[in-house]
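All the letters of the sequence shown, read from the start, carry residue numbers 2 to 566 under the working numbering.
Comments concern the structure below.
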Amino acid sequence: MRSSIRFVTVIAFTFLTNTLPAQASSTPARGYFISIDGLQPKLLESWIASPDANPDGFKSLWQKGAVYPATKAHVISITAASHAGTATCASPARHGITGNHFLLGGKRVSGFKVPFQAETMWEAARKQGKKVASFAYAGMDGTTPARTSDIGITYPDEARMGKPQIVSLAPGDNNTAESRIILDPATGKDLLLQFSNRAGRVVIRYRAGAEEEREVNAPLPGEKLSGRQVVNILAHDGERLRRIVIRPVSGKTASWLVSRASYNEAFPESYRKSLDDAGLVWPDVNIKGLDLGLDPSEVVAVQGLLDDFIGDVASRALKETNPDIVLFYQPLIDSTGHGFQNKLPDPSSLDHRDAITSAFRAAFKIVDNNVAKVLATSKHHDVVALMGDHGMTATRTNLNVAPLLPPGVEQDVEVYASDSMLYLYPKSGDQNPFLLRRAGESVRDALTKVSFQGQPVVELVADRANFKTGTWPYGDSIWAFRSADGIWFNNNAIEKETFLPAKVPGMHGHDPDSPSMRTAMIFRAPGLIPAIHRKETVSLVQAVPTFARLMKLRFPKDCEGTPVF
Numbered sequence: 002m003r004s005s006i007r008f009v010t011v012i013a014f015t016f017l018t019n020t021l022p023a024q025a026s027s028t029p030a031r032g033y034f035i036s037i038d039g040l041q042p043k044l045l046e047s048w049i050a051s052p053d054a055n056p057d058g059f060k061s062l063w064q065k066g067a068v069y070p071a072t073k074a075h076v077i078s079i080t081a082a083s084h085a086g087t088a089t090c091a092s093p094a095r096h097g098i099t100g101n102h103f104l105l106g107g108k109r110v111s112g113f114k115v116p117f118q119a120e121t122m123w124e125a126a127r128k129q130g131k132k133v134a135s136f137a138y139a140g141m142d143g144t145t146p147a148r149t150s151d152i153g154i155t156y157p158d159e160a161r162m163g164k165p166q167i168v169s170l171a172p173g174d175n176n177t178a179e180s181r182i183i184l185d186p187a188t189g190k191d192l193l194l195q196f197s198n199r200a201g202r203v204v205i206r207y208r209a210g211a212e213e214e215r216e217v218n219a220p221l222p223g224e225k226l227s228g229r230q231v232v233n234i235l236a237h238d239g240e241r242l243r244r245i246v247i248r249p250v251s252g253k254t255a256s257w258l259v260s261r262a263s264y265n266e267a268f269p270e271s272y273r274k275s276l277d278d279a280g281l282v283w284p285d286v287n288i289k290g291l292d293l294g295l296d297p298s299e300v301v302a303v304q305g306l307l308d309d310f311i312g313d314v315a316s317r318a319l320k321e322t323n324p325d326i327v328l329f330y331q332p333l334i335d336s337t338g339h340g341f342q343n344k345l346p347d348p349s350s351l352d353h354r355d356a357i358t359s360a361f362r363a364a365f366k367i368v369d370n371n372v373a374k375v376l377a378t379s380k381h382h383d384v385v386a387l388m389g390d391h392g393m394t395a396t397r398t399n400l401n402v403a404p405l406l407p408p409g410v411e412q413d414v415e416v417y418a419s420d421s422m423l424y425l426y427p428k429s430g431d432q433n434p435f436l437l438r439r440a441g442e443s444v445r446d447a448l449t450k451v452s453f454q455g456q457p458v459v460e461l462v463a464d465r466a467n468f469k470t471g472t473w474p475y476g477d478s479i480w481a482f483r484s485a486d487g488i489w490f491n492n493n494a495i496e497k498e499t500f501l502p503a504k505v506p507g508m509h510g511h512d513p514d515s516p517s518m519r520t521a522m523i524f525r526a527p528g529l530i531p532a533i534h535r536k537e538t539v540s541l542v543q544a545v546p547t548f549a550r551l552m553k554l555r556f557p558k559d560c561e562g563t564p565v566f
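Take a look at the structure:
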């Protein structure tokens with residue numbers, strides 16, 4: 002009798018999932034494809050159990066969706082390669098992206114910029130008549146048809162934004178300090194900000210172009226302005242609207258972080274103009290290399306300005322433009338992991354009350370609220386897919402391979418370090434195969450002899466000439482090495498030491514089967530039995546096929562994944 006009950010239950014679930022499209026509303030469903038960068042499933046589960054979790058955000062999906070809490074990452078779980086793998090449901094051998102940066106045709110390229118070699122989910126959807134909107138989704142920058150949606154906003158070019166600054170005032174009235182903000186390095190246009198003490202207040206005077214001089218009160222330590230401790234200055238550079246974010250530096254009575262002059266990189270041009278006209282401008286949150294003395298939660302607050310902006314822009318656009326497919330991205334949890342993972346006391350819990358765990362909780366709260374904001378635009382018959390792109394592990398050391406390389410090897414091959422991956426590329430297309438093999442074997446022998454804290458520093462050695470497990474997934478390289486958990490590759494000939502302090506506290510890109518690289522994937526759709534938490538192992542390569550099936554769309558033509566149900 003028990004066997005019969007189990008059999009009927011399985012049949013019922015199979016029937017429900019196999020007939021989802023037929024049970025949908027007569028109104029065409031909108032699809033939400035939500036990417037939470039660096040989403041760690043154990044921390045997600047801990048956050049959902051917290052009283053601070055938004056009932057309409059992560060918790061709603063956790064309770065109403067089919068949850069896969071141990072989803073495998075892609076073969077190369079570095080951000081650009083991972084997003085490409087998810088978008089195309091294909092391996093790097095097909096989509097062609099092997100890292101955030103790599104060599105292609107002998108030149109260093111960005112994995113966020115080079116053309117995809119495989120069809121993406123949004124390309125396939127647009128060919129089927131669907132209107133696609135992208136809100137900072139990785140790789141969607143409007144530069145090529147494969148990287149373009151009907152409307153979208155993406156990261157602006159940092160080369161066009163100058164540098165962030167710290168401005169400090171001496172105590173007492175009538176003191177002044179100036180900050181000259183480069184609006185556009187290409188044109189030399191700038192904006193002079195003058196900070197001055199005035200009867201207990203700090204006033205910022207500035208002139209935007211030919212406009213009259215303006216002034217605004219600077220935020221003081223502990224002062225909340227519009228829910229955040231920042232003030233925004235908007236100035237036009239003659240071509241586009243720029244945004245400068247000014248925030249007090251904690252622990253100092255008269256010092257401020259002045260951001261770079263950021264701008265909207267959005268498409269089509271009419272959409273960018275509509276954002277400018279509404280005064281909605283991309284905030285620059287780059288604080289790398291600045292000694293601000295901010296505590297971890299304040300770092301999260303600064304970086305969270307971007308996630309909030311993406312959430313605000315998305316919720317506004319969804320009400321006005323009515324797309325069929327929504328691509329929504331949140332980077333904050335990933336940047337928090339990169340900034341503090343090796344200081345997190347328990348990588349499976351957010352229950353501790355130390356400063357680092359509190360920062361992670363603050364990051365989850367910001368992202369959770371933005372997910373809820375976007376989901377508020379959905380209806381009961383819409384389809385939602387939410388997933389991370391990889392997990393995160395504590396960086397233990399930066400492994401500098403330069404002292405380990407055999408003499409003369411870099412005359413034969415280009416040794417290129419890319420986070421957890423080390424690639425060997427031929428110097429030219431007509432090199433002697435014997436010399437290339439000898440160089441690769443010598444690097445292999447050198448690396449496999451090295452250990453850190455009693456463990457090998459390399460977990461994967463791949464030789465293109467003898468690769469027998471499918472199509473070579475590592476681009477133009479002839480050898481590929483993947484580091485062991487927590488080892489970050491560098492190739493710095495100036496440094497003489499092999500093991501250097503970790504420069505980035507958190508990292509990813511390791512074995513997709515490793516528990517630290519696992520992430521979570523959740524689907525919500527009409528007819529799905531709620532709160533189904535699946536124990537079987539699935540992969541991110543299955544995200545798009547499942548989403549496409551629920552939306553009654555064809556898969557991308559190069560897709561190698563299958564639906565999870």
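We put the beta carbon where it would ideally sit given N, CA and C, even for glycine.
CB residue 285 to CB residue 388, shorter than 8 Å? Cβ distance not < 8 Å, so residue 285 and residue 388 don't count as in contact.
Please report how far the alpha carbon of residue 202 lies from the alpha carbon of residue 187, in whole angstroms. Each residue's Cα considered, the two are about 35 Å apart.
Residues in its own chain within less than 6 Å of residue 96 by CB, not counting five upstream and five downstream? Counting only residues of its own chain and dropping the five nearest sequence neighbours on each side, residue 96 has a CB closer than 6 Å to the CB of 85, 89, 117, 118 and 119.
Measure the Cβ-Cβ separation of residue 62 and residue 523 and say whether it is below 8 Å. One thing to note: residue 62 has its Cβ within 8 Å of the Cβ of residue 523.
Pick from 481, 443 and 485: whose alpha carbon is nearest that of residue 459? Nearest option by C-alpha distance: 485.
I'd like to know whether the C-beta of residue 261 is nearer than 8 Å to at least one C-beta of chain D. Reference to chain D is not applicable here, since this structure consists of a single protein chain.
N-terminal and C-terminal residue of the alpha helix (DSSP H) that residue 96 is part of: Start and end: 93–96.
How long is the line joining the alpha carbons of residue 494 and residue 399, rounded to whole angstroms? Whole-angstrom Cα-Cα distance: 14 Å.
Cutoff 8 Å; reference residue 165; Cβ partners in own chain excluding five residues on either side: Result list for residue 165: 258, 259, 260, 261, 285, 287, 288 and 291, in chain order.
Starting from the C-beta of residue 242, find all residues in its chain whose C-beta is less than 8 Å away, skip the five residues before and the five after it, and write them out in chain order. So the qualifying residues of the chain are 235, 236, 264, 265, 277, 280 and 282.
Between which two residues does the beta strand (DSSP E) harbouring residue 208 extend? Taken as a continuous stretch (DSSP letters only), residue 208 belongs to no beta strand (DSSP E), as it is neither H nor E.
Minimum C-alpha distance to residue 137 - residue among 378, 309 and 245: That would be 309, whose Cα lies nearest to the Cα of residue 137.
Do residue 417 and residue 104 have their CB atoms nearer than 8 Å? For residue 417 and residue 104, yes; Cβs fall inside 8 Å.
Would you report the Cα separation of residue 185 and residue 250, rounded to the nearest angstrom? Computed Cα separation, rounded: 25 Å.
Looking at the secondary structure, which residues open and close the alpha helix (DSSP H) in which residue 294 lies? Annotation for residue 294: no alpha helix (DSSP H) segment contains it, and DSSP assigns it neither H nor E.
Among 107, 510 and 144, which one has its Cα closest to the Cα of residue 114? Between residue 114 and the set 107, 510 and 144, the nearest pair of CA atoms involves 144.
Taking three-plus beta-carbon pairs below 8 Å as touching, is the segment 543–563 in contact with the segment 407–416? By the Cβ criterion, the segment 543–563 is not in contact with the segment 407–416, since fewer than three pairs of Cβ atoms, one from each stretch, lie closer than 8 Å.
If you draw a straight line from the C-alpha of residue 148 to the C-alpha of residue 175, how long is it? Approximately 52 Å between the Cα atoms of the pair.
By how many angstroms is the C-alpha of residue 374 removed from the C-alpha of residue 159? Roughly 28 Å between the two C-alpha positions.
Count the other CB atoms, across all protein chains shown, that sit within 10 Å of the CB of residue 446; report buried if there are 16 or more and exposed otherwise. Using a 10 angstroms sphere on the CB of residue 446, the tally of other CB atoms stays under 16, which defines it as exposed.
Does DSSP put residue 552 in a helix, a strand or coil? Collapsing the DSSP output to three states places residue 552 in coil.
For residue 369 versus residue 59, is the C-beta spacing smaller than 8 Å? In contact: residue 369 and residue 59 (Cβ atoms closer than 8 Å).
State the Cα-Cα distance for the pair residue 364 and residue 57, rounded to the nearest angstrom. So the two alpha carbons sit approximately 17 Å from each other.
Any heavy atom of the ligand MG within a distance shorter than 7 Å of the CB on residue 491? Within the structure as shown, the ligand MG is missing, as the structure has no ligands at all.
With H, G and I counted as helix, E and B as strand and the rest as coil, what does DSSP make of residue 166? Residue state, collapsed to three classes: strand.
Could you check whether the segment 340–349 touches the segment 268–277, counting it as contact only if at least three pairs of C-beta atoms, one from each stretch, sit closer than 8 Å? Touching, no, given that fewer than three Cβ pairs across the two stretches are closer than 8 Å.
Beta-carbon proximity check, residue 32 vs residue 420, cutoff 8 Å: In this structure, residue 420 does not lie closer than 8 Å to residue 32 by Cβ.
For residue 40, I'd like the list of residues in its chain whose CB is within less than 7 Å of its CB, leaving aside the five on either flank, ordered along the chain. These residues qualify, in order along the chain: 334, 389, 520 and 521.
Which value, in whole angstroms, describes the spacing of the CA atoms of residue 402 and residue 348? Taking the straight line joining both Cα atoms gives about 29 Å.
Specify, as a first and last residue, the run of the alpha helix (DSSP H) that residue 375 falls within. For residue 375, the uninterrupted alpha helix (DSSP H) segment begins and ends at 356–376.
Please confirm whether residue 125 and residue 564 have their CB atoms less than 8 Å apart. For residue 125 and residue 564, no; Cβs fall outside 8 Å.
Taking 6 Å as the limit between beta carbons, can you name the residues of its chain near residue 327, skipping five residues before and five after? Correct list, in chain order: 33 and 134.
Could you tell me the alpha carbon to alpha carbon distance between residue 482 and residue 443, rounded to whole angstroms? Their backbone Cα atoms lie some 13 Å apart in a straight line.
Below 8 Å between beta carbons: does that hold for residue 248 and residue 300? No, the pair does not count as a contact, with Cβ atoms beyond the cut-off.
Between residue 100 and residue 422, how many whole angstroms is the CB-CB distance? I'm expecting something under 8 Å. So it is a contact: roughly 6 Å between Cβ atoms.
Where does the unbroken alpha helix (DSSP H) through residue 270 begin, and where does it stop? If you look at residue 270, you'll find it in the alpha helix (DSSP H) that goes 270–278.
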